[in-house]
Amino acid sequence: MTTATALSGLRLPLLVDASSLVHIGIPDSKGWLSLVREEKPALESLFLAIPRSLGEVDASMSAIDAILFCEGPGSTLGLRIAATAVKTILGENKPSPTLFTYNALDLAAIMSNDLSRPILAPFRKGKRLLRSPISDSAIGSIEVLEEPISESLSKEALHLPPLRPMESLPEDLDVLEYDISHVAGLAGIAPILRLAEMPEVFTPLPAEFRKWEPTRNLSPN
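Here it is, written out as structure tokens:
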């Protein structure tokens, strides 16, 4: 089944995005029947935002027939909480809703209305993510860059804001606000959706583990 076929005839698709601020929404063909945006962390807001969004269209959880899940990148805790919520809905609804996933950097490119510009996003300490456009595709390539980032790339790129409130970007950079209300519903997001069986959080690099070594010789000999 293709993505286009799966999207046709949907009655109640639910978008779940916790990559930065929590966005929970119900799209129609070119807009949003409901869109809840929460300033509070996902742990405090996501499980309340879902019934609130459904309530705005007088719908129940059992009516959800598709989920649009943002895999990240972004807040790892927020994304894991979102994945847990999605797994719960997939397990409780019969038949199980169709699951689509998308990458936040691809959606950011759609928000910008300029798919040709690279996008830089926060990642782990000392690293940033770079989304580069791919010709004739709304889905870009994503790689990890070590800081510092070259001045030419920094000026050419659009920048997603830092995830931590105490951090900031230089004022001379083009900062892109991640606001899903700027996306034209299903028509806007459809080019970057991928069918999936279960929600998985985007991880461009394996977790870094440092081998533990004793500070002194504990051998009895």
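Under the working numbering, the sequence shown has 546 at position 173, and the numbering climbs by one with no breaks. Every residue gets a Cβ at the ideal spot worked out from N, C-alpha and C, and that includes glycine.
- Contact between Glu-520 and Gly-499 holds, with the beta-carbon distance rounding to 5 Å and staying under 8 Å.
- The three-state reading of DSSP puts Thr-378 in helix, counting H, G and I together.
- Ala-477 is the residue among Ala-477, Glu-516, Gly-428 whose C-alpha sits nearest the C-alpha of Pro-564.
- Boundaries of the beta strand (DSSP E) around Gly-398: 395-400.
- Cα atoms of Pro-424 and Ser-402: separation of roughly 21 Å, rounded to the nearest angstrom.
- The three-state reading of DSSP puts Phe-473 in strand, counting E and B together.
- For Arg-453, the enclosing alpha helix (DSSP H) starts and ends at 449-465.
- Ala-557 and Met-374 have their C-alpha atoms some 24 Å from each other.
- Within its own chain, the residues whose Cβ lies closer than 6 Å to the Cβ of Pro-535, once the five positions on either side in sequence are excluded, are Pro-495, listed in chain order.
- Taking all protein chains in view, the Cβ of Glu-573 is surrounded by fewer than 16 other Cβ atoms within 10 Å, so the residue is classified as exposed.
- Between the region 407-417 and the region 450-458, the count of C-beta pairs closer than 8 Å reaches three or more; the two stretches touch.
- Pro-470 is a Cβ neighbour of Ile-462, given a cutoff of 8 Å.
- Under the 10 Å beta carbon count, Arg-504 is surrounded by 16 or more other beta carbons and is classified as buried.
- Rounded to the nearest angstrom, the gap between the Cα atoms of Arg-501 and Ala-391 is 19 Å.
- Residue pairing by DSSP puts Ile-515 in a beta bridge opposite Arg-504.
- At a Cβ-Cβ threshold of 8 Å, Leu-380 and Ile-399 do not count as neighbours.
- Taking all protein chains in view, the Cβ of Gly-513 is crowded by 16 or more other Cβ atoms within 10 Å, so the residue is classified as buried.
- Checking the DSSP bridge columns, you'll see His-532 partnered with Leu-493, Val-548.
- The beta-bridge partner set that DSSP reports for Ala-439 consists of Pro-386, Thr-471.
- Annotation: Glu-411 is outside any alpha helix (DSSP H); the continuous beta strand (DSSP E) that includes it extends over 405-411.
- Counting of Cβ neighbours within 10 angstroms places Val-548 among the exposed residues, the total staying below 16.
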